[in-house]
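> Okay, handing you the structure first.
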Ligand SMILES: *Cc1c(COP(=O)(O)O)cnc(C)c1O
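Residue numbers (our numbering): 11 to 385.
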């Protein structure tokens, strides 16, 4: 059993993926070209936004947006305390200050009332200026954008959806990576839509933002690559990855999303009353980048993890440390009492094997093993 079975996916799509790679080799267009343009068009169409701009990875996608918005020293950007390091890192990388916000216990996502309080407090202190929010679609579940967007409008903040884990999720039919003023995703192999290396993308309906990011990702190009009108970066998705992603996007749409949701329902059914299972709010749809259970306390979680490991059942702890406790942010002063939920989650979460190719027998095996350890 694999935590995420990329080999099973490759076996199922081997003919198409091999043909896609061969097509790129034969064309000898390794950078840019039709493959990338077609993928961008298909992704924009699927997500339901005007522009998709691919780039080197999900971290760089966020950096490009923050660069385009002119986020700089003295600016405050609100980020959930329970996420992958990258979400806070990109803020500090621009010289701005990440202001971490506690999350909801049920959804693992940024807590809107706590976000509003944090914005008010930051304005009142007057030391740094609130500019943007980066909600994360953690484990594949979109954050509460209806509430977040209301709050952002009230305080005139920009919203950047970190959809690195979110591709395929939705709220009342509106797809992940279409929320906020801009959104980003990652094509890291283990994400819901992954390539065979690194990749990322920015999504937006904003024409001028899209133009600016297209310039920034190619050395600040003007008329062309050799006319440079601003300082940018070199950040691109290569043709081979784009060709592979076109096959994988079709797989995601055709059956993978349904299959991970089938696995989710099966797990929930088998684990009911044994552990706390994931909660998907009414109207929300998750792409299940992770299936994450909650245990009673740290001792129970650690014991379960050790015993599962011994029995060869894959599992991971996402995430073991809150952002506000990361050494890289130790120069910023956070009040540990503001992060009650994240502090608890880091002690009690455990992510189980989750992917579209997981069999009913495997789900049963995982659930039965957990049951035998806990009960
Ligand atoms: C994976 C991930 C990223 C970064 O993506 P990379 O492509 O690895 O740079 C950012 N945010 C979240 C929440 C992630 O899970």
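Each residue gets a CB set at the ideal place from its N, CA and C atoms; glycine is no exception.
May I ask you to verify whether the region 322-340 touches the region 211-228, counting CB pairs closer than 8 Å and requiring at least 3?
Verdict: no, contact absent.
> Please tell me whether, using a cut-off of 7 Å, the distance from the CB of residue 339 to the nearest non-hydrogen atom of ligand 1 is below it.
For this step, residue 339 is matched to residue 329 along the chain shown. Checking the Cβ of residue 339 against ligand 1 gives no.
> Between 295, 257, 88, which lies nearest to residue 183 when the distance is taken from Cα to Cα?
For this step, residue 183 is matched to residue 173 along the chain shown. Minimum Cα distance to residue 183 is reached at 295.
> Quick check: what's the CA-CA separation for residue 315 versus residue 47?
As a first step, residue 315 must be located in the chain shown, where it is residue number 305. As a first step, residue 47 must be located in the chain shown, where it is residue number 37. Using only the alpha carbons, I get a separation of about 44 Å.
> For residue 185, name the three-state secondary structure that DSSP assigns.
Mapped onto the chain shown, residue 185 falls at position 175. It is a strand residue.
> Name the DSSP bridge partner or partners of residue 234?
Start at 1 with the first residue of the chain shown, and residue 234 comes out as number 224. Per DSSP, none; premise fails for residue 234.
> Taking just the CA atoms, how far does residue 277 sit from residue 374?
The residue given as residue 374 occupies position 364 in the chain shown. The residue given as residue 277 occupies position 267 in the chain shown. Approximately 8 Å, taken between the alpha carbons.
> Below 7 Å, is the gap between the Cβ of residue 174 and the nearest heavy atom of ligand 1?
Sequence index remark: in the chain shown, residue 174 carries index 164 (1-based). Indeed, a heavy atom of ligand 1 lies less than 7 Å from the Cβ.
> Say whether the region 135-146 touches the region 75-95, bearing in mind that this needs 3 or more beta-carbon pairs closer than 8 Å, one atom from each stretch.
Yes, the region 135-146 is in contact with the region 75-95.
> Hey, how far is the Cα of residue 98 from the Cα of residue 193?
Counting from 1 along the chain shown, the entry for residue 98 is found at position 88. Counting from 1 along the chain shown, the entry for residue 193 is found at position 183. Straight-line Cα distance between these residues: approximately 15 Å.
> Quick check on the DSSP output: what are the complete beta strand (DSSP E) runs of length 3 or more inside the region 121-180, in order along the chain?
DSSP runs (the beta strand (DSSP E)) wholly in the region 121-180: 139-143, 168-172.
> If you reduce the DSSP assignment to three classes, tell me which class residue 295 lands in.
Taking the first residue of the chain shown as position 1, residue 295 is located at position 285. Three-state DSSP puts residue 295 in a strand.
> Could you pull the start and end residues of the beta strand (DSSP E) that residue 68 belongs to?
To locate residue 68, count along the chain shown from 1; it is residue 58. Careful: residue 68 lies outside any beta strand (DSSP E), inside the alpha helix (DSSP H) at 68-78.
> Considering residue 225, what are the terminal residues of the alpha helix (DSSP H) in which it resides?
Here residue 225 is taken as the residue at index 215 of the chain shown, counted from 1. Looking at the DSSP string, the run of the alpha helix (DSSP H) that includes residue 225 is 217-226.
> Decide if residue 301 is buried, meaning its Cβ has at least 16 other Cβ atoms within 10 Å, or exposed.
For the purposes of this step, residue 301 is taken as the residue at position 291 of the chain shown. Classification for residue 301: buried.
> Is it true that the region 46-63 meets the region 127-138, where meeting means three or more beta-carbon pairs spaced less than 8 Å apart?
No, because fewer than three Cβ pairs between the region 46-63 and the region 127-138 fall closer than 8 Å, the two stretches do not touch.
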